[in-house]
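Each residue of the sequence shown is one higher than the one before, counting from 16 in our numbering.
Note that the Cβ used here is the ideal one computed from N, Cα and C, for glycine as well.
Note that this is a predicted model, so its numbers are computed, not measured.
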Amino acid sequence: MEPGGQDPPGSAAMIPGVRARVESVLLSARGGRLCFRTVCGPLGDGEHPDACARSLAGHGVGLLHSTSWRHSAGGIVLTYVALPDPDPSAPVEPVLDLPATRGPDPLSPSPEAVLPVDVAAHACRHLAFLRHTDPQVAAAATGARELWDLIDVFTPAVAGLLPTGAR
Numbered sequence: 016m017e018p019g020g021q022d023p024p025g026s027a028a029m030i031p032g033v034r035a036r037v038e039s040v041l042l043s044a045r046g047g048r049l050c051f052r053t054v055c056g057p058l059g060d061g062e063h064p065d066a067c068a069r070s071l072a073g074h075g076v077g078l079l080h081s082t083s084w085r086h087s088a089g090g091i092v093l094t095y096v097a098l099p100d101p102d103p104s105a106p107v108e109p110v111l112d113l114p115a116t117r118g119p120d121p122l123s124p125s126p127e128a129v130l131p132v133d134v135a136a137h138a139c140r141h142l143a144f145l146r147h148t149d150p151q152v153a154a155a156a157t158g159a160r161e162l163w164d165l166i167d168v169f170t171p172a173v174a175g176l177l178p179t180g181a182r
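Below you can see the structure in the form of structure tokens.
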């Protein structure tokens, strides 16, 4: 435990006083459906978020990309998307093409709640955009055709874009 805290060692802040967690959203194609699971852990003291996300995702992913961050009750959550999921037997949920979540007004952009499926849908919209604008993502797409065909169903969007149909 860290001095004076209830969190395990390595969960110290990268910004003094702010704890950081990293989540890796792992995407897979299962039975013709786009699916996801999320693995999270504390960002270690002095650890780079990319290294933490890679470790959480496991061996065998072909692409790891930082997609977003958000505030949570415990601090900051840094989100990465990883694909393909290296564990084909892990329990997953379907990714739903939901409208982007947002806060109640222009000066309060954070939604009251962010569900894991919201995070996965955001990551898929972002990947659909990057496939056409980022050569590394485009190259990764050639190696997992079925998975990328399912991602292509999502409307491409840059991080933070709020379409008019946002909820």
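Span separating the alpha-carbon of residue i from that of residue j
{"i": "Ala105", "j": "Ala88", "result": "28 angstroms"}
{"i": "Thr179", "j": "Ile91", "result": "At Thr179, the pLDDT of 48 sits below 50, so the modelled position is not reliable and the matter cannot be decided from this model."}
{"i": "Pro131", "j": "His147", "result": "25 angstroms"}
{"i": "Pro103", "j": "Ala72", "result": "13 angstroms"}
{"i": "Gly61", "j": "Ser83", "result": "20 angstroms"}
{"i": "Leu42", "j": "Arg117", "result": "23 angstroms"}
{"i": "Thr157", "j": "Gly32", "result": "42 angstroms"}
{"i": "Ala44", "j": "Ala143", "result": "15 angstroms"}
{"i": "Pro109", "j": "Arg140", "result": "15 angstroms"}
{"i": "Pro150", "j": "Gly75", "result": "20 angstroms"}
{"i": "Ala115", "j": "Gly46", "result": "26 angstroms"}
{"i": "Ala154", "j": "Glu161", "result": "14 angstroms"}
{"i": "Arg85", "j": "Leu93", "result": "7 angstroms"}
{"i": "Pro121", "j": "His63", "result": "32 angstroms"}
{"i": "Val134", "j": "Ala172", "result": "13 angstroms"}
Reduced DSSP secondary structure (H/G/I, E/B, other) of residue i
{"i": "Thr116", "result": "coil"}
{"i": "Ala156", "result": "helix"}
{"i": "Glu108", "result": "strand"}
{"i": "Ala136", "result": "helix"}
{"i": "Ala172", "result": "coil"}
{"i": "Ala128", "result": "coil"}
{"i": "Leu162", "result": "helix"}
{"i": "Leu142", "result": "helix"}
{"i": "Gly19", "result": "Any reading at Gly19 needs caution, since the residue's pLDDT is 39, under 50, leaving its predicted position unreliable; the model's value is listed next. Correct three-state label for Gly19: coil."}
Proximity of residue i and residue j at Cβ, strictly below 8 angstroms
{"i": "Ala136", "j": "Asp112", "result": "yes"}
{"i": "Leu145", "j": "Leu49", "result": "no"}
{"i": "Arg36", "j": "Cys55", "result": "yes"}
{"i": "Val183", "j": "Phe169", "result": "The first residue shown for the chain is 16 and the last is 182, placing residue 183 beyond what the model contains."}
{"i": "Val40", "j": "Ala138", "result": "yes"}
- Task: Can you check the stretch 25-92 for any beta strand (DSSP E) of at least 3 residues that lies completely inside it and give the ranges in chain order?
- Result: 35-45, 48-57, 78-87
- Evaluate the contact criterion for the stretch 62-72 versus the stretch 114-127: three or more CB pairs, one atom per stretch, below 8 angstroms. no
- Message: Counting beta carbon pairs with one atom in the stretch 95-105 and one in the stretch 75-86, are three or more of them shorter than 8 angstroms?
- Response: yes
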